[in-house]
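Below is one structure; the comments refer to it alone.
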Amino acid sequence: MQRRQLILHGAASAAVLALPSLSRAQALEKPKTTIAVGGKNLLYYLPLTIAEQRGYFKDEGLDVSIVDFAGGSRALQAVVGGSADVVSGAFEHTVNMQFKGQPMRAFVLQGRAPMIVLGVNTKTMAGYKSVADLKGKKIGVTAPGSSTNVMVNFILAKAGLKPSDVSIVGVGAGNGAVAAMRSGQIDAISNLDPVITLLARSGDLQIVSDTRKVAESEKVFGGPMPAGCLYAPQPFVDKNPNTVQALTNAMVRANRWIQAAGPGDVIKTVPESYLLGDRAVYIDAFLAAKGALSPDGIIPDAGPMTAFKALASVDPKLAAAKLDLKATYTNDFAKKANAKLAKA
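Mapping of the sequence shown onto the numbering used here: position 119 corresponds to residue 119, and the numbering continues sequentially without gaps.
Here you go:
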């Protein structure tokens, strides 16, 4: 590693930053790997950005290209279409894809709660009282079919509404989403930080459901709901175990760095464009999201069933399907990464 990569941002993170490469001894089957992500600037994907910006992928011998899309569903389409190898996206897509006969497997966790917030527009819905008031309204999501859309459907279902009772509008995960809300183009929004904190601080958003809090997420979904992760087609995982291990090593290292880091450390590391023009907002957003970020990359064993139930609540065909939920994830790579990091 270069000397600059060893500069310490604080005593608490020193041990993490000084760790050597964990997989150089094993030949990588695919050192040039492309990761598709939907909304890279979001704190939901902060571990991915940290692994990239701090050079953790390079330390593992990887040449990673990260391609950003407007939402997780589009990132998934890139992998299905063959233009990317791995998705940095929401875990529940692995359940949906197994149902569709295209098995995907998650191998390292970024978030232990969705960190998605559903809120209403304080201008167009000033008299909001309950979720039932959303009937006939326009709800902005990062992209149709993405995890932000899934959460909307789930919350609507709990209130006795169908997805067809609202209009879903793709607004992205950055300034476009903020503008859509402030201009009144949408009546509600399902999005993530820093977008949510920015809108809440400016008084444009009234929060309805907040899964940045792990306890509230488990209350909403009825159990642990794994969120951002790296997942790939099962054949990719089978053919490239050393590459998947290297990716996992970098991500777990990033997870650990985040838990040891302070807001100032993160601000210095992420690109300026991520801050949406307001560092104070980003700091508040990071503090709100930190508890929902995974400390170790391990996917909770009860998580796949929680994700299945959420999806099944709005899809009768999926609800009737018999899926092998154990095939949607593996913790083998994350456990190895943690064991090696502990020794280092």
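Idealized CB from N, CA, C, for every residue including glycine.
None of these values were measured; they are calculated from a predicted model.
- Using a Cβ-Cβ distance cut-off of 8 Å, the region 247-257 and the region 321-339 are in contact, since at least three pairs of beta carbons, one from each stretch, lie closer than that value.
- Measuring C-alpha to C-alpha distances from Ile186 to each of Gly170, Pro194, Leu311 identifies Gly170 as the nearest.
- If only uninterrupted beta strand (DSSP E) runs of at least 3 residues are considered, those enclosed by the region 142-219 are 167-170, 188-191, 205-210.
- Nearest Cα to Arg201 within the set Ala215, Thr122, Leu43: Thr122.
- Scanning Lys343, Ala339, Ala344, Leu325 for the CA closest to the CA of Gln98 turns up Leu325.
- For Asn121, the beta-bridge partners assigned by DSSP are Leu205.
- With distances taken between CA atoms, Gly176 lies nearest to Leu276 out of Gly119, Pro144, Leu276, Lys219.
- A residue is called buried once 16 or more other Cβ atoms fall within 10 Å of its Cβ, and Asp59 is buried on that count.
- DSSP assignment within the region 226-283 yields the following whole beta strand (DSSP E) runs of 3 residues or more, N-terminal first: 228-233.
- Less than 8 Å divides the Cβ of Gly89 from the Cβ of Gly38.
- Within the same chain, and ignoring the five residues on either side of Ala173 in sequence, the residues whose Cβ sits closer than 6 Å to its Cβ are Gly39, Leu42, Thr142.
- Relative to Pro233, the option among Glu29, Val87, Asp315, Gly71 whose CA is nearest is Val87.
- Nearest in C-alpha terms to Leu230, of all of Ala51, Thr306, Gly136, is Ala51.
- Note on the region 77-101: whole beta strand (DSSP E) runs with a minimum of 3 residues are 86-90, in chain order.
- A direct Cα-to-Cα measurement between Ser183 and Thr211 gives close to 25 Å.
- A Cβ-Cβ distance of about 6 Å is found for the pair Phe91 and Ala307, placing them in contact under the 8 Å criterion.
- Using a Cβ-Cβ distance cut-off of 8 Å, the region 208-224 and the region 72-79 are not in contact, since fewer than three pairs of beta carbons, one from each stretch, lie closer than that value.
- Residues of the same chain with a CB within less than 8 Å of the CB of Glu29, apart from the 5 flanking positions on each side, are Lys239, Asn240, Pro241, Asn242, Thr243 in chain order.
- Counting along the chain, no beta strand (DSSP E) covers Lys290, and no H or E run does either.
- Between Gln110 and Pro47, the C-beta gap is smaller than 8 Å, which places the two residues in contact.
- Of the residues assessed, Pro226 falls on the buried side of the cut-off, its CB having 16 or more other CB atoms within 10 angstroms.
- When Cβ pairs closer than 8 Å are counted between the two stretches, the region 124-131 is seen not to touch the region 268-275, the count staying below three.
- Contact between Ala289 and Met115 holds: CB atoms are separated by about 5 Å, below the 8 Å threshold.
- Annotation: the continuous alpha helix (DSSP H) that includes Gly303 extends over 303-312.
- A residue is called buried when at least 16 other Cβ atoms come within 10 angstroms of its Cβ; Gly264 does not meet this threshold and is exposed.
- Rounded to whole angstroms, the separation of the alpha carbons of Thr33 and Ser65 is 6 Å.
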